[in-house]
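*Asks:*
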Amino acid sequence: MTVSEQFARVIVDVPGLPELDYKVPAEQLLAVGDIVMVPVGRQQKAGIVTGLRPWTDIENKRLRSVSAVRFGIPPLSSEWLSLTRFASHYYCRTWGEVAIPALPTFFRKKPGVRYQSSLEKIRTLPAPEKNPAPAPALDLNPEQKDAIAAILTAKGFQTWLLFGVTGSGKTEIYLQVMRRVLEQSPQNQVLLLVPEINLTPQLEERVRSHFADESVVVLNSDLPDAQRARSWLAVHEGRARILVGTRMAALASFRQLALIVVDEEHDLSYKGGDGARYSARDLSVKRAQSLGIPVILGSATPSLESWSRARSGSYRLLTLSHKAVSKAEPPRLRLVDTRTLKKGEVLSEEVKEAIGATLQKHEQVLVYINRRGFSPVLMCPSCGWKSACPHCSAFMVFHKDTRSLVCHHCGYTQRVPARCPGCGAADILPVGIGTQRIEEEIGKLWPDARRLRIDRDNFKTKRSTDKAFQDVHEGKVDILIGTQMIAKGHDFKKVSLVVILNIDSQLISTDVRARERAFATMMQVSGRAGRAGLKSEVLVETAFPDDEIFTFLAHQDYQGFADQMLKIRKRDGAPPFVYQALLTSEQKELPQALELLRHAVETGLEIQSKLPDGGGVAIYDPVPMTIVKVANRNRAQLLIEGRTHRELLQFLRAWVQVIGPCSGGALTLEVDPQRY
Numbered sequence: 001m002t003v004s005e006q007f008a009r010v011i012v013d014v015p016g017l018p019e020l021d022y023k024v025p026a027e028q029l030l031a032v033g034d035i036v037m038v039p040v041g042r043q044q045k046a047g048i049v050t051g052l053r054p055w056t057d058i059e060n061k062r063l064r065s066v067s068a069v070r071f072g073i074p075p076l077s078s079e080w081l082s083l084t085r086f087a088s089h090y091y092c093r094t095w096g097e098v099a100i101p102a103l104p105t106f107f108r109k110k111p112g113v114r115y116q117s118s119l120e121k122i123r124t125l126p127a128p129e130k131n132p133a134p135a136p137a138l139d140l141n142p143e144q145k146d147a148i149a150a151i152l153t154a155k156g157f158q159t160w161l162l163f164g165v166t167g168s169g170k171t172e173i174y175l176q177v178m179r180r181v182l183e184q185s186p187q188n189q190v191l192l193l194v195p196e197i198n199l200t201p202q203l204e205e206r207v208r209s210h211f212a213d214e215s216v217v218v219l220n221s222d223l224p225d226a227q228r229a230r231s232w233l234a235v236h237e238g239r240a241r242i243l244v245g246t247r248m249a250a251l252a253s254f255r256q257l258a259l260i261v262v263d264e265e266h267d268l269s270y271k272g273g274d275g276a277r278y279s280a281r282d283l284s285v286k287r288a289q290s291l292g293i294p295v296i297l298g299s300a301t302p303s304l305e306s307w308s309r310a311r312s313g314s315y316r317l318l319t320l321s322h323k324a325v326s327k328a329e330p331p332r333l334r335l336v337d338t339r340t341l342k343k344g345e346v347l348s349e350e351v352k353e354a355i356g357a358t359l360q361k362h363e364q365v366l367v368y369i370n371r372r373g374f375s376p377v378l379m380c381p382s383c384g385w386k387s388a389c390p391h392c393s394a395f396m397v398f399h400k401d402t403r404s405l406v407c408h409h410c411g412y413t414q415r416v417p418a419r420c421p422g423c424g425a426a427d428i429l430p431v432g433i434g435t436q437r438i439e440e441e442i443g444k445l446w447p448d449a450r451r452l453r454i455d456r457d458n459f460k461t462k463r464s465t466d467k468a469f470q471d472v473h474e475g476k477v478d479i480l481i482g483t484q485m486i487a488k489g490h491d492f493k494k495v496s497l498v499v500i501l502n503i504d505s506q507l508i509s510t511d512v513r514a515r516e517r518a519f520a521t522m523m524q525v526s527g528r529a530g531r532a533g534l535k536s537e538v539l540v541e542t543a544f545p546d547d548e549i550f551t552f553l554a555h556q557d558y559q560g561f562a563d564q565m566l567k568i569r570k571r572d573g574a575p576p577f578v579y580q581a582l583l584t585s586e587q588k589e590l591p592q593a594l595e596l597l598r599h600a601v602e603t604g605l606e607i608q609s610k611l612p613d614g615g616g617v618a619i620y621d622p623v624p625m626t627i628v629k630v631a632n633r634n635r636a637q638l639l640i641e642g643r644t645h646r647e648l649l650q651f652l653r654a655w656v657q658v659i660g661p662c663s664g665g666a667l668t669l670e671v672d673p674q675r676y
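Just so you know, we're using full-length UniProt numbering here: the sequence shown kicks off at 1 and counts up by one.
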C-alpha cells in the first residue's frame, strides 16, 4: 500500500448492505458527502461517501474502485448525513436505503458527457417573482400576537404545537415567524411542510405573495425530475431560502436551516407507505433538535401523540381559540339519522332542503364522501354475486362514467358484464354510494346548479387540480363534491353548507385510530364552512346520532375529545402509551406468509429469553391482514409492542440481525405503524 492510496466508505441503496469500502482513483479528489457511482455486483449504483481513510480492513486486491464522482455540487453536509443515519437506525433500515432515495433522480444517474451542461440548466433558478400587488398586511388578534411572540422570544430548540380551530389564522403565524427568522441572517432558510400535493399551490401562492423578494421553491413527487432536481439543488446550495414541500422535503439538504413548520401535523400523508416508511413530522422534530432550532407543528386536530406530549410538557402548546375573521362563527351541526332513510334514497330530505336553501342564497355547498366511483360494489339480487376482484380480497368499484369495474387496490379494470356472471340475470344493481353517484343525484335534483366533482378519478394532474380549485375560489362552482382532496387546507370563502356522508364506516372500524381520524376528518371538513363570516351549517348523515363523538363535534371541542381518547388509550394500553412495530409478509399463498412470521416469532422469543424482563417487549401472534390478498399476493402481519421506544428499538435491531433485511419482499418491518 502506497502513501497516496485512499479508501472511501460508501453507502448504497441495497437492503442489508452496510457501508462498503472502495479504492479512490489517484486522479480523483473526494470529500465526505460526495455523491459517487460505484460497482455493486454487476451494476453501477449511486452512493454517498461517508468516510475517507488511508487504510481498509478488506484485502486490497479484492477492492473495486469508485467509478465516477458528481462534481459540480457541494458535498452533503454532516448534519444531513447524521439525520439520514439516525433515520436508518430508528426505522431499522440500512443507511443507504434512507439516504439514497432522498436524492433527486438526476443525482442518482451515472454522469455522462452532457452531465455538466445539464447541471447548469438545473442550477438555473428563476429570479424571485416580483408581486405587483403584495399580500395585504392582516390585522392579528391577541392570540396570534402572543403565539408569534412566544416562538420568537424562545431560544434554541423547542417544539411548538400550534393548536387552532379551523380558520384561526395559523398560516399567518407561520408567515410572520418565517419572515422574522429570515431577517435574522441572510443565510437562514425555512422548511414549510404540507401533507398533500393538492394543498401546495394555494399555500405556495400565499408564501410567494408574502415573500415577493425571496426565492421560494417547491418539492413534491408530482414535479418532473428536472424541476425536482432544480428545487433540491437551489436549497442545497443556499440560493433558495424557502422550501415548500410534501413528505419528501423533510429529507432535503439545506445549507443553513433555521426553522421548520409542519402544517396539518396530524395528517397520515406524512407517514411513508413504502421504502423506509419514515414519519416526516417526527424526523422534522428530531432534525430541529439536532440543529437547535424551533419547529412548529400546526393543526386544528393534533395527533394524539402530539397532544399527549403537549399535555406532558415536552411540547409547548399554543392555542388559538378564535377565528381570524372576527365575524366568523362556528358552523351549526345538524345530524341526520340514516335509519329513517327510504330504501335506495341517496340524500335525505333534510340534506336536500338545506342544499336548496343554500343555492337560493347564492352560496356554495360542499358535499364530502371519502369513497370514489359510483358505488363500492355491484350485486346480483337473484344469486348474490358481487363484483369481487379476481386478484384481491376486495370488491371492484363501479365507475358509471366509463361503465367499468375498478379495483382501487391493484388497479385491475374490466367492463361491466351485460348479465350476472353467476346466474345470467339481467339486473345487476349498484350497492352503496360514491362521489359519482352523489354527483349524478345532485345533477337530477338541481340541473341548473354548477357542480364539480374533485377526486383522483377525474383530476389526475397538478395543473387540472389547481384549475378546479381556482374555479371554486372564484365562485364558478355552486356545489363541490369530493373526497379527502377537498377536506382540508382550502380557504373557500363562499361555502356556507357542508354535508358529510358515510362517516359511519370509521366509527365502527376496529382500527385503534379510527375514531381519532373520524373526528379529525369531520372537524377539518366542517372547517371549510363559514370561513369569511357567512352563517354556516354542517349536516352529518349517520346511523349513530347518539354517539358522544358528535357532542364534541357540535361544540368544536377537540380538547375534550382528545383528553377522553387519551384516557381510553391509556386504559387499553394503546399508542401513545405503548410503542409499536409491525412485521408483514407477502407470499403467493397465505399459509406461507403466516409460516414465515411464525418463524420470526420463534426467533424473537429466543432473543427475548436472553434479555432482562423479556426486553420489555410483547410479540403477538401472526394474523392475516384485513385485506388479505392484493395483486395476487397474500399478506399477514405480526404486531410487536414495547414499553418504551428504547426497549422496542433495542429488540428490533437484534431481531433484524437474525431474520435478515425487512424492507420489502418476503418481510417488511414498519416502526410506528399507522394502520394494522
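From the three backbone atoms N, C-alpha and C, an ideal C-beta is built for every residue, glycine too.
Just checking, does the region 557–566 make contact with the region 358–367 on the three C-beta pairs under 8 Å criterion?
*Replies:* Verdict: no, contact absent.
*Asks:* Roughly how far, in whole angstroms, is the beta-carbon of residue 434 from the beta-carbon of residue 355, given that I think they are within contact range, below 8 Å?
*Replies:* Not confirmed; about 18 Å, so no contact.
*Asks:* Helix, strand or coil: how does DSSP classify residue 91 here?
*Replies:* DSSP places residue 91 in coil when its eight states are reduced to three.
*Asks:* Along the alpha helix (DSSP H) that carries residue 655, what are the first and last residues, could you check?
*Replies:* Note, residue 655: alpha helix (DSSP H), 645–659.
*Asks:* Got a sec? Which residues, its chain only, sit under 7 Å from residue 630 by beta carbon, not counting five neighbours each side?
*Replies:* If we look at residue 630 and ignore the five residues flanking it on each side, its Cβ neighbours are 392, 409, 410.
*Asks:* Go ahead and pull the three-state DSSP assignment for residue 634.
*Replies:* In this structure, residue 634 counts as strand in the three-state DSSP scheme.
*Asks:* Buried or exposed for residue 586, going by 16 or more other Cβ atoms inside 10 Å?
*Replies:* So residue 586 counts as buried.
*Asks:* Grab me the residues of residue 217's own chain with a C-beta within less than 8 Å of its C-beta, minus the 5 sequence neighbours each way, in chain order.
*Replies:* Taken in chain order, the residues that qualify are 125, 230, 231, 234, 235, 240, 242, 243, 244.
*Asks:* With distances taken between CB atoms, is the gap from residue 44 to residue 67 smaller than 8 Å?
*Replies:* Contact: yes.
*Asks:* Please confirm whether residue 579 and residue 642 have their CB atoms less than 8 Å apart.
*Replies:* Yes, the Cβ-Cβ distance between residue 579 and residue 642 is below 8 Å.
*Asks:* Flag this pair as yes or no: are the beta carbons of residue 64 and residue 22 separated by less than 8 Å?
*Replies:* Yes, they are a contact pair.
*Asks:* Going by beta carbon distance, what residues of the same chain come within less than 6 Å of residue 603, once the five residues before and after it are set aside?
*Replies:* Cβ neighbours of residue 603 beyond the five flanking positions: 658, 659.
*Asks:* I'd like to confirm the pairing. Which residues does DSSP put opposite residue 279 in its beta bridges?
*Replies:* BP columns for residue 279 point to 271.
*Asks:* Report the CB separation of residue 394 from residue 407 in whole angstroms; it is logged as a contact under 8 Å.
*Replies:* That belief holds up - the Cβ atoms of residue 394 and residue 407 are roughly 6 Å apart, short of 8 Å.
*Asks:* Whole angstroms are fine: how far does the CA of residue 288 sit from the CA of residue 94?
*Replies:* Distance between the alpha carbons of residue 94 and residue 288: 23 Å.
*Asks:* Who are residue 706's beta bridge partners in DSSP?
*Replies:* Nothing in the structure corresponds to residue 706, since the chain is present only between 1 and 676.
*Asks:* Output the distance between the C-alpha atoms of residue 711 and residue 376, rounded to the nearest integer angstrom.
*Replies:* Past the edges of the chain, shown from 1 to 676, lies residue 711, and the structure says nothing about it.
*Asks:* CB-CB under 7 Å to residue 422, same chain, minus the five flanking residues each way: which ones, in chain order?
*Replies:* Contacts found: 380, 383, 385.
*Asks:* Buried or exposed: which applies to residue 323, given that a residue is buried once 16 or more other Cβ atoms fall within 10 Å of its Cβ?
*Replies:* Residue 323 is buried by the Cβ-count criterion.
*Asks:* Quick one: Cα of residue 132 to Cα of residue 208, how far?
*Replies:* Any reading at residue 132 must be qualified, since the residue scores a pLDDT of 41, below 50, and its modelled position is unreliable; the value itself is stated next. When rounded, the distance between both Cα atoms is 12 Å.
*Asks:* In the DSSP assignment, find the unbroken alpha helix (DSSP H) run with residue 232 in it and report its ends.
*Replies:* Per DSSP, residue 232 belongs to the alpha helix (DSSP H) from 225–236.
*Asks:* For residue 594, which option in 301, 26, 666, 472 has the closest C-alpha, if you only look at C-alpha atoms?
*Replies:* Of 301, 26, 666, 472, the residue nearest in Cα terms is 666.
*Asks:* Expressed to the nearest angstrom, what Euclidean distance is found between the alpha-carbon atoms of residue 129 and residue 201?
*Replies:* Low confidence applies here, because residue 129 scores a pLDDT of 49, under 50, leaving its location unreliable and the question unanswered by this model.
*Asks:* Among residues of its own chain, excluding the 5 on either side of residue 645, which ones have a beta-carbon nearer than 8 Å to its beta-carbon?
*Replies:* Here the set comprises 579.
*Asks:* According to the neighbour-count rule (16 or more other Cβ atoms, all chains shown, within 10 Å of its Cβ), is residue 5 buried or exposed?
*Replies:* So residue 5 counts as exposed.
*Asks:* What do you reckon, are the CB atoms on residue 504 and residue 543 nearer than 8 Å?
*Replies:* Yes, Cβ-Cβ distance for residue 504 and residue 543 is below 8 Å.
*Asks:* Suppose the cutoff is 8 Å on Cβ atoms and the five residues either side in sequence are ignored; what does the same chain contact list for residue 339 look like?
*Replies:* Counting only Cβ-Cβ distances below 8 Å, and skipping sequence neighbours, we find 543.
*Asks:* Tell me which same chain residues have a C-beta within less than 7 Å of the C-beta of residue 574, skipping the five on either side of it?
*Replies:* Contacts found: 512.
*Asks:* So, for residue 20: in the same chain, excluding its five sequence neighbours on each side, which residues have a beta-carbon less than 6 Å away from its beta-carbon?
*Replies:* Same-chain partners within the cutoff: 10.
*Asks:* Please name the residue or residues paired with residue 664 in a DSSP beta bridge.
*Replies:* Residue 664 pairs with 667.
*Asks:* How big is the Cα-Cα spacing for residue 588 and residue 27?
*Replies:* Cα-Cα distance, rounded: 50 Å.
*Asks:* Closer than 8 Å is the cut-off here; do at least three beta carbon pairs connect the region 484–492 with the region 313–320?
*Replies:* Segments in contact, no.
*Asks:* Taking the alpha-carbon positions, what's the residue 127 to residue 215 distance?
*Replies:* Its pLDDT being 48, under 50, residue 127 is placed unreliably by the model, and the measurement read from it follows with that caveat. Rounded to whole angstroms, residue 127 to residue 215 spans 7 Å at the Cα level.
*Asks:* Quick one: residues in its chain with C-beta nearer than 7 Å to the C-beta of residue 227, no 5 flanking neighbours on either side, listed in chain order?
*Replies:* For residue 227, where only same-chain residues beyond five positions count, there are no Cβ hits under 7 Å.
*Asks:* Rounded to a whole number of angstroms, what is the C-alpha to C-alpha distance between residue 283 and residue 290?
*Replies:* Going by the C-alpha atoms only, they are around 10 Å apart.
*Asks:* According to DSSP, is residue 131 helix, strand or coil?
*Replies:* Because the pLDDT at residue 131 is just 48, under 50, the model does not fix this residue reliably, and the value given afterwards should be weighed accordingly. Coil, per DSSP.
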